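Accompanying notes for the structure given below.
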Amino acid sequence: MKKIKIRPVWLLDVLSFSNRAKQRKKRIEKTKEAPVRADYSINRLAGELHPEQLCLVVRDCVSFEEAQGTLFTLSRKGGGPLPVFEAGQYLTFTFAIGESLLSRSYSICSSPREAREGFYRIYVREGPDSFAAGWIRKNWKSGAELKAHGPNGTFTMRPLRDEKQILALAGGSGITPFVSMAKAIRDGLADFCLTILYGARTAAQMPFLGKLREISEKCPLIRVVPVLSDVRDHDAPDGFETGWIGEDMVRKYMPQGPFSLFFYGPRPMYELACQTAGALGLKRKNLRYESFGLSSDDKANGNGSCRVRVLLPDGEELELVAQRNESLLVAFERGGIAVRSGCRSGSCGFCRCRVLQGEYQIQESEKARRRADSEHSYVHTCVCFPRTDLCVALD
Amino acid sequence: MEQLFDVIIIGAGNGGLAGALDCTCAGKKVLLLEKNPLPGGCATAFCRGRFEFEASLHELCAMGTEEEPKSVRRLFADTKGAPVFYKVEDCFRLMARDGEGKTLDVTLPSSRERIFSTLKELARDAEQGVQDFFELMDECAAGVDYVNKTGANQNKRYLLTHFPNFVRCGSHTVSEVFRALRLPPALCTVLGAYWVYLGVDPDRLSFLHYALMARQYFDDGSYIPAYTSYQMSLYLLDVVRRQGGVVKFNTKAKRLLVEDGQVRGVITDGGTYLCRTLISDISPHMLFGQMVPQNLVPSFHKKLAAARDGKFSARFLVLYLGLDAPADELGIRDYSIFLYSDPDPSKVYRTMMDQNEPVQSAVFVCPNVVNPEASPEGTCICTLTAMAPPELFEDLDGLAYLQLKERIAKGMLDLLESRTGFRLREHIEEYELATPVTFARYLGTPEGAAYGYEAQGLDDIVTRCRTVGEESLFENAWQAGAWGEFGDGYSSAYSSGRAAAGRALRYLEENPV
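Heads up: the sequence lines are chains A and B, in that order.
Everything in the first sequence is counted per the numbering used here, starting at 8 for the first residue and increasing by one.
Everything in the second sequence is counted per the numbering used here, starting at 9 for the first residue and increasing by one.
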């Protein structure tokens, strides 16, 4: 090969090549010693938005007896702004009830702007078999200190994906993320049209109706239609619809032009929403739902119990009894094993563990497991049901 | 009584995993600490709806073939659970706009012969230049090999007689060498385009560094795993465990126990562990800045950190798209397209780093083109990656940040659609945008840097490789990963992890209990 000449005197190249290490050393030697900097604005912002844990204090709680729910206002212990969030996201609380270590997630129903002003609001409703919610309503009083993770979640309006018009179907306490979205629109933080079909058994079970009506009166982008399922047509007050929120109701109120259907509510309503989306020919991308609460048990997996041997991260080992129709996560919680969880529907991945031995079933409807996790038998315990005795390891 | 380990490794990224692999293979008692619930660092994946997105990997080099595996493929040699790899046939397609609105549109294939004919078509008088270019890269590879083998004992005369061009080019930048080779402008554009994978533009990037990395990429092409890089991370984790390594997730290393210039242990939020040696797969800035009292940081490293003056390498914006139509239906035929705003790659870099300019250049990747398993049938995944000026994200409040993210995502989608003609908008079923803040959150690197220190000037890779032997973090602690001597990239991070393991093993042998 010919000589490649870069500088006229090529000896200079040779010198600078062989001197590079020396030059580096010299430059470092000459630099003045200083403390190593580890504080950066970008990292600070990441920490503010996603703290490892939030210590919150109950500032205020309002009970709605007929709706069997309580609205909590939470602020940061010691005060100050809270991490902002995207309307539709949730917080996950960890707490102990007796021997059990639980975590539960609740959608935030205040505005993202209010987080900066120092508070979140969440609404906790007590269902027929909601052990934790009942306990929370009794025990979280003004001044109580809470531990939480988040905000998290992907049930949010995304401008590049969703249509500019959203039709929201909310069942009971499933209204909460939409309350937050309405407030975000009101506060100028989001720009889309939101029509909410707000379903509940009776008007007294709609603790957010007054607030939503107040917002929609001032903000033409928001419309709210209350729908009562336990009230007959001629008994319904003015401005209320009656019956179930199904295809007919959706057709009556759906926006003109393209729209996305957002849904949050109990399972029967979810199935109706999916049917409706199918009947309307909506594309898959235009049907979005918050899934937590959709899958807490699996009757199909049969009765009976299994033994679960759990290898803990610190090398300890213990054995639990798990019901076949309850998720592994529930068995862990009952057994007092601290497992962080979030969505409780198989998507966020916080509650994962590794199954070393035994058979299990993953709830088919909710699968967002990385394929390599499947290969290596990592499961999301919230949607994993034991079929035989198991041995599992927590990382 | 705290447990004593031969080696503690902080961080289960590519460097940490590869280091743990070698240390456990040598029969050492190893503890691998990871703050996240998952292994991999950058080598990970995340799910949205029915899509599983690769977080970072574009192209895996140093693979060789199944018959003749090279260093990276050899890491995955154990057949139990080894990933399936798909070959990426072309290096990249480059679409570079010039000032007159014309676009240079070239697809660079892999393998030397095919590159030759592509480049000859591009510039008819280029034959000699291209030949010289490849011969020079070969000589550089051989020269570096000789220098690495001989270390401090290299024979200067032998070097000069056998690798004269290597020595002449050794201290010059890519642009300087391209000029000396008299490469026509179009060829400088195409060959220089590769710089993005090294994070430094050709005007400042060392030619040697470029030659070592680009040569194997051009010659051998690259690969991607069937189930994302997370599959590689889990595989390595599995081998480490089978070899007896102890791995603790959700365990953040908080403080080092330092005594007489040696690391004696690591304090984590889950307890204290003692060690005889340490491998760090996290940035030296965070290790020395957060985990060691300043009076115990070696003077050399305080000076080095100051001399580096916050010159971290690339910070990224990545737009991940899950689309509800197959790639061919959307007209997507290429695995990767470099969309450049200028024929001059260094100008592309400067525009990217200007906070007053919206994103104008980016790298597009569609894994479905080579990997039929990249997403469910009837869908495809596309990602668009650009470099971000860090100033854009400084002193932002949370709400402003969330709004900026959406603006950037829209800008990147606009760029992608307008440059390629793809109509993607109505097919977006899922999307996410990762910013330097996202990287800072998961990786904990300063300013969310993903490529380690900028590989130029003080931190030119070739220089670092020559000085790394004298720059251990502590007497018994060494650097792995993108912050190590080989810089960024999967193969480089694996290599520096293994090199760190080699140093730890040597130390343990020379300093028996």
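Yeah, the Cβ is synthetic: ideal placement off N, Cα and C, and Gly gets one too.
None of the values given here were measured: they were computed from a predicted structure.
Whole-number beta carbon distance between residue j and residue i, since they are thought to touch under 8 Å
i	j	result
HIS387/A	ARG341/A	HIS387/A to ARG341/A, Cβ: 18 Å. No contact.
MET188/A	MET164/A	6 Å
CYS283/B	ILE340/B	The pair is not a contact, with the Cβ atoms about 49 Å apart (cut-off 8 Å).
VAL80/B	TYR502/B	6 Å
LEU144/B	CYS177/B	7 Å
LEU432/B	LEU338/B	7 Å
GLN370/A	GLY353/A	7 Å
VAL255/B	LEU245/B	6 Å
ARG351/A	SER149/A	In fact, because the Cβ distance is near 28 Å, the residues do not count as touching under 8 Å.
LEU318/A	GLU326/A	Contact flag wrong, Cβ pair sits at about 11 Å.
HIS293/B	ASP468/B	Not confirmed; about 19 Å, so no contact.
CYS398/A	LEU363/A	5 Å
CYS391/A	LEU335/A	5 Å
Chain B contact for residue i (CB, 8 Å cutoff)
i	result
HIS383/A	yes
ASP402/A	yes
ASP20/A	yes
LYS38/A	Sequence inspection shows Thr at residue 38/A; the Lys mentioned does not correspond to that position. Yes, because at least one Cβ of chain B sits closer than 8 Å to the Cβ of THR38/A.
LEU56/A	yes
TYR47/A	yes
ILE192/A	no
For residue j and residue i, the rounded distance between their alpha carbons
i	j	result
ASN22/B	GLN487/B	12 Å
SER82/A	ILE182/A	22 Å
LEU56/A	LYS319/B	25 Å
PHE142/B	VAL356/B	24 Å
GLY137/B	ASN293/A	54 Å
GLY330/B	TYR202/B	26 Å
TYR515/B	GLN464/B	30 Å
PHE296/B	GLY49/B	20 Å
ASP198/A	ARG168/A	14 Å
LEU108/A	ALA338/A	10 Å
LEU286/B	LEU265/B	11 Å
PHE401/B	GLU297/A	30 Å
GLY253/A	LYS290/A	18 Å
ALA175/A	MET261/A	10 Å
HIS180/B	ASP209/B	13 Å
GLU184/B	ARG105/B	23 Å
GLU93/A	ALA375/A	21 Å
MET360/B	ARG323/B	11 Å
Short Cβ contact (8 Å threshold) for residue i with residue j
i	j	result
ARG122/B	ASP227/B	no
LEU41/B	ILE232/B	no
ARG31/A	LEU466/B	yes
TYR450/B	ASP496/B	no
THR475/B	ALA41/A	no
GLY229/B	GLU97/B	yes
VAL234/A	GLY206/A	yes
ALA53/B	ARG331/A	no
LEU89/A	PHE126/A	yes
ILE104/A	CYS116/A	no
GLY76/A	GLU133/A	yes
GLY343/A	GLU106/A	yes
VAL423/B	LEU347/B	With the sequence shown as reference, residue 423/B is identified as Leu, and Val is not the correct amino acid for it. For LEU423/B and LEU347/B, yes; Cβs fall inside 8 Å.
Residue i at chain A interface by Cβ criterion, 8 Å
i	result
PHE18/B	Per the sequence presented here, residue 18/B reads as Ile, with Phe not at that position. Not an interface residue.
PRO353/B	no
VAL185/B	yes
ASP332/B	yes
SER179/B	yes
PRO45/B	yes
ALA53/B	yes
THR471/B	yes
Heavy atom of the ligand NAD within 7 Å of residue i beta-carbon
i	result
PRO320/A	Annotation note on the ligand NAD: not contained in the displayed structure, which lists no ligands.
- Query: At which residue ranges does the segment 417-494 of chain B contain complete beta strand (DSSP E) runs of 3 or more residues, listed in the order of the chain?
  - Reply: If we require 3 residues or more, the beta strand (DSSP E) runs fully inside the segment 417-494 of chain B come out as 436-442, 485-487.
- Message: For a minimum of 3 consecutive residues, which ranges assigned as the beta strand (DSSP E) are wholly contained in the segment 21-105 of chain A?
- Response: Here the runs fully enclosed are 61-71, 76-83, 97-104.
- Which runs of the beta strand (DSSP E) spanning at least 3 residues fall entirely within the segment 70-152 of chain B, listed in chain order? Counting whole runs of 3 or more residues, the segment 70-152 of chain B contains the beta strand (DSSP E) stretches 93-96, 98-105, 111-117.
- Considering only residues of the segment 336-382 of chain B, which uninterrupted beta strand (DSSP E) runs meet the minimum length of 3 residues and lie entirely inside it, listed in chain order? Counting only runs of at least 3 residues, the segment 336-382 of chain B fully encloses the following beta strand (DSSP E) elements, listed from N- to C-terminal order: 344-348, 370-373.
- Return the chain-ordered ranges of every beta strand (DSSP E) run that is complete within the segment 175-257 of chain B and spans a minimum of 3 residues. Whole beta strand (DSSP E) segments, 3+ residues: 230-233, 254-256.
- Task: Taking only runs that begin and end inside the segment 155-240 of chain A, name each unbroken beta strand (DSSP E) of 3 or more residues, in chain order.
- Result: The qualifying runs are 172-178, 200-207, 229-235.
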